[in-house]
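Here the protein sequences come in this chain order: A and B. Per this note's numbering, residue 905 is the first one in the first sequence, and the count goes up by one each step. Per this note's numbering, residue 905 is the first one in the second sequence, and the count goes up by one each step. We put the CB at the ideal spot given by N, CA and C, even for glycine.
Number of protein chains: 2
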Amino acid sequence: MKQLLNTFENYLKDNLPQSKTFHPHFEEALGLMLDAGGKRFRPMLLLSVVKSKKSLLLANSLDVALGLEMLHTYSLVHDDLPAMDNSDLRRGFKTLHKKFDEVTAILVGDALNTESFNKIANASLHNDVKIELIKTLSADGGIDGMIIGQAIDCFFENQKLELSQLEFLHIHKTAKLIAASLKMGAIIAEYDDITKKNLYDFGIDLGLLFQIQDDIIDETKSEEEAGKTTSNDSNKNSFVNLLGLKGAIDSANELAKKCELSLDSFEETLSKNLKELLSEYLYRHTL
Amino acid sequence: MKQLLNTFENYLKDNLPQSKTFHPHFEEALGLMLDAGGKRFRPMLLLSVVKSKKSLLLANSLDVALGLEMLHTYSLVHDDLPAMDNSDLRRGFKTLHKKFDEVTAILVGDALNTESFNKIANASLHNDVKIELIKTLSADGGIDGMIIGQAIDCFFENQKLELSQLEFLHIHKTAKLIAASLKMGAIIAEYDDITKKNLYDFGIDLGLLFQIQDDIIDETKSEEEAGKTTSNDSNKNSFVNLLGLKGAIDSANELAKKCELSLDSFEETLSKNLKELLSEYLYRHTL
């Protein structure tokens, strides 16, 4: 998996979006957050699935993996904007609106969103495959996916959500793009429809598990750091606040078991590759 | 052409993006600027070209025309943001960040950008055709098209551009999406590659002509309204300021002649349909 990650990182560095014009900083801004690192979790999910069945197609899948990372990166750039999280740092670097200006951050986000579909459309894959990939990414990364999740997250920042609403939020904001990454790998590798659906459903569970685990880690940390637990924390929409710490841990354990069962149900190579990948990404999510 | 416009308007109203969730206003916001009107110039260019050769494909082209209008509309929503033009009104309605909030305007723009590719990917057309359409829209509406044009327009708002730079700005910001609209019609109608290229080049000339004419109208208006000509106007990057009023009119006349020659060079039905369409849209651009 390390080798696959290196291959992707090198491909990304060689294929940063170009824009050679007299604009003094737009090209630099376009590539900055893509090049800044990040875990590359979504492209690696996609590539791991492809590798499990059609490793000969790995090279042709790099453009799709890059498109996926571009869509994810645009969402981070826009989430960091002053009107949303107003963040100063991202992936260890100044955010784009801090380093340059807000116009640049808005337009770089817009550009990466559009470019993600350009990358897929120009990949060396069959047109039928590419259309399925674009349908999936534009659905799970769009109105009925990531975007409505983010809209709900922002709107209800200071209002209590019910459990089903909080699950809806995180399934849409995060889990759907993780699920789409797995499904897109399965589309390229031409897995059967049942495997595609099972991978997608597994991705939803996995995305939700990550979020519950994050909420638990947040709570545990703030308890360790005595005096840091504030009333703000208990007003935050989190699984710990809705279920209690024990309830959240039970819920996470249940989902983790479900994820393990799913992993075991996949065919041998797919199961092995995904387990290997997840073992490297789960370190920050262990309870 | 009136009938075709009605068909498109009805289709748009029946297919506004849906998002039925517990978010109190996101669905309304998604459709508001699409439904608010506008000239529908880009979808009408596309449909007019399709009608000229493959009128049986008109119904199947409506999703593509809608996707094109969504991409154009997202660019208006983001251009209106406080960090860019900070506009209060658009198409006669309050802008989204004024009616709701900035988060909503950013996310609705993002959603319409992504959704435009979803619409095309799901259109009832051959996958080979849809991939060509997505390549074109994501190129001319993306980094090397509309977006770098907007980035340059914002960055150089208070700095003088040279003539070649001002042309570059407007070709990218406006003309490329107009050219893409014509080309996308030609892709659906399966015109030969030479006609595709000629339509595209004609669109670039047409977009540039519109801009020069707009600059001339601005200048003429401000002269009529005595006392309204300010030093701001002469600092603005406009063709009139770079070429003088007479120079700009000469330049517009030259481009208009070139456009007429192009129109005459197209096959009979295509030429007739585009002339009919343009006669309805050019009223605000007559000198």
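* **Whole-Å CB distance - Asp1044/A paired with Lys1080/A, under 8 Å assumed** => 4 Å
* To do: Taking a Cβ distance cut-off of 9 Å, strictly less, list which residues of the segment 1003-1025 of chain B are near chain A, in chain order.
  => Asp1005, Glu1006, Val1007, Thr1008, Ala1009, Ile1010, Leu1011, Val1012, Gly1013, Asp1014, Ala1015, Leu1016, Asn1017, Thr1018, Glu1019, Ser1020, Phe1021, Asn1022, Lys1023, Ile1024 and Ala1025
*List, in order along the chain, the chain A residues whose C-beta lies closer than 8 Å to that of Lys1039/B?*
Asn1022, Ala1025 and Asn1026
If you measure beta-carbon to beta-carbon, which residues of the segment 909-933 of chain A are closer than 7 Å to chain B? Pro921, Ser923, Thr925, Phe926, His927 and Phe930
Item to complete: Using a Cβ cut-off of 7 Å, pull out every chain A residue sitting near Asn1031/B, in sequence order please.
Response: Within 7 Å Cβ-Cβ: Asn1031, Asp1032 and Ile1035.
Original post:
So, Leu1011/A versus Gln1054/B, is the Cβ gap smaller than 8 Å?
Top reply: Yes, these two residues count as a Cβ contact at 8 Å.
Between Phe1072/A, Leu1167/A, Asp1005/A and Glu931/A, which has its C-alpha nearest Asn919/A's C-alpha? Glu931/A
* To do: Go ahead and pull the three-state DSSP assignment for Lys924/A.
  => coil
Select from Leu985/A, Asn1102/A, Lys957/A and Glu973/A the residue whose C-alpha is nearest the C-alpha of Gly941/A. If we check each option's Cα against that of Gly941/A, Glu973/A comes out closest.
So with Cβ pairs under 8 Å, would you call His1198/A a contact of chain B?
An answer regarding residue 1198/A cannot be provided, because it is not within the stretch 905 to 1191 covered by chain A.
Taking any Cβ of chain A, which residues in the segment 1055-1084 of chain B have a Cβ under 8 Å from it, in chain order?
Ala1055, Ile1056, Cys1058, Phe1059, Gln1069 and Phe1072
For Lys943/A, I'd like the list of residues in its chain whose CB is within less than 7 Å of its CB, leaving aside the five on either flank, ordered along the chain. Around Lys943/A: Tyr1185.
Just to confirm the assignment, what range does the alpha helix (DSSP H) spanning Lys917/A have?
Lys906 to Asp918
Next on the checklist: Just to confirm my understanding: we take Thr1173/B, look at its own chain, exclude 5 residues before and 5 after, and list those with CB closer than 6 Å. What are they?
Outcome noted: Ser956
Label Ser1068/B either buried or exposed according to how many other C-beta atoms from any shown protein chain fall within 10 Å of its C-beta, with 16 as the threshold for buried.
The residue is exposed, with fewer than 16 neighbouring Cβ atoms inside 10 Å.
Restricting to Cα atoms, I'd like to know which of Leu908/A, Val981/A and Phe1143/A is closest to Pro947/A. Nearest option by C-alpha distance: Leu908/A.
Are the segment 971-988 of chain A and the segment 1019-1027 of chain A touching, with three or more C-beta to C-beta distances below 8 Å?
-> yes
Where does Lys906/B land, buried or exposed, given buried means 16+ other C-beta within 10 angstroms?
With fewer than 16 other Cβ atoms from the protein chains shown falling within 10 Å of its own Cβ, Lys906/B counts as exposed.
For Lys958/A, which residues in the same chain have their Cβ closer than 6 Å to its Cβ, ignoring the five residues on either side in sequence? Ala1093
Quick one: which chain A residues come within Cβ less than 8 Å of Met988/B? Val1007 and Ile1010
(request) Measure the beta-carbon distance from Leu962/A to Leu951/A and round it to whole angstroms, keeping in mind my assumption that it falls under 8 Å. (result) 6 Å
Checklist entry - DSSP puts Lys998/A in a beta bridge; with which residues? => result Leu993/A
query = Which class does Asp1096/A belong to by DSSP, given the choice of helix, strand or coil?
reply = coil
Checklist entry - For Ser1042/B and chain A, any beta-carbon pair shorter than 8 Å? => result Residue contact with chain A for Ser1042/B: present (Cβ-Cβ distance below 8 Å to some residue of chain A).
ask   = Should Ala1083/B and Ile1108/B be called a contact, given that it needs their Cβ atoms to be closer than 8 Å?
value = In terms of Cβ geometry, Ala1083/B and Ile1108/B form a close pair [threshold 8 Å].
Self-check item: Cβ neighbours of His982/B in the same chain (closer than 6 Å, five flanking residues each side left out)
Solution: Gly1013
| query | Under 7 Å Cβ-Cβ, which residues of chain B neighbour Leu985/A? | reply | Ordered by position in chain B, the residues that pass the 7 Å Cβ test against Leu985/A are Ile1010.
- 8 Å Cβ cutoff met for Lys1039/A and Ala1025/A: Going by C-beta atoms, Lys1039/A is not nearer than 8 Å to Ala1025/A.
ask   = Going straight from the alpha carbon of Tyr978/B to that of Met1088/A, what length do you get?
value = In this structure, the alpha-carbon of Tyr978/B lies about 26 Å from that of Met1088/A.
- Which class does Pro947/A belong to by DSSP, given the choice of helix, strand or coil? helix
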